[in-house]
Amino acid sequence: MASAEKLTTTVSTKGQVILPSAIRQRREWNAGTRLTVEETPDGVLLKPAPAFAETRPGDVFGVLPSKGGSKTIAEMDAGILAEAKRRHARD
Numbered sequence: 001m002a003s004a005e006k007l008t009t010t011v012s013t014k015g016q017v018i019l020p021s022a023i024r025q026r027r028e029w030n031a032g033t034r035l036t037v038e039e040t041p042d043g044v045l046l047k048p049a050p051a052f053a054e055t056r057p058g059d060v061f062g063v064l065p066s067k068g069g070s071k072t073i074a075e076m077d078a079g080i081l082a083e084a085k086r087r088h089a090r091d
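Position one of the sequence shown corresponds to residue 1 (UniProt numbering), numbered consecutively onward.
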């Protein structure tokens with residue numbers, strides 16, 4: 001579809017807008033696709049909503065329980081090496 005082509009739609013009494021099928025297909029916006037709505041100086045911008053809410057590292061660090069103290073880098077390296085050897089051991 002040429003970008004110069006103008007497509008129109010109508011706002012329903014419930015505030016609903018039907019997006020033209022060519023746009024929905026090109027964007028792969030199927031029924032149930034969540035979109036964010038942003039007002040801009042040029043109009044309204046629709047974008048796919050993120051699958052997950054935005055988080056900061058502080059929001060997620062330490063959410064999993066752990067047993068025992070912290071491991072040293074040498075202990076972590078040894079654990080990775082042991083697991084790699086176990087996975088690639090030849091029977």
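Here a beta-carbon is modelled for each residue, glycine too, at the ideal position from N, C-alpha and C.
Owing to the predicted nature of the structure, the values given are computational and were not obtained by experimental measurement.
Short of 6 Å in beta carbon distance, which residues of its chain neighbour L45, apart from the five on each side in sequence? Order them along the chain. Numbered from 1 along the sequence shown, position 45 holds the residue referred to as residue 45. So the list reads E38, once near-sequence residues are dropped.
Run through DSSP, which three-state label would K47 get? For the purposes of this step, residue 47 is taken as residue 47 along the sequence shown, with counting starting at 1. DSSP places K47 in strand when its eight states are reduced to three.
K47 and T36 look like a contact to me (Cβ under 8 Å); what is the Cβ gap, rounded to whole Å? Residue mapping note: residue 47 aligns to position 47 of the sequence shown, counting from 1. Residue mapping note: residue 36 aligns to position 36 of the sequence shown, counting from 1. Indeed, because the Cβ distance is near 5 Å, the residues count as touching under 8 Å.
Endpoints, beta strand (DSSP E) assigned at E38: Stepping through the sequence shown from its first residue, residue 38 is reached at position 38. Note, E38: beta strand (DSSP E), L35 to T40.
Any idea which residues DSSP pairs V11 with across the strands? Walking along the sequence shown from the start, residue 11 turns up at place 11. DSSP output for V11 lists V17 as bridge partner(s).
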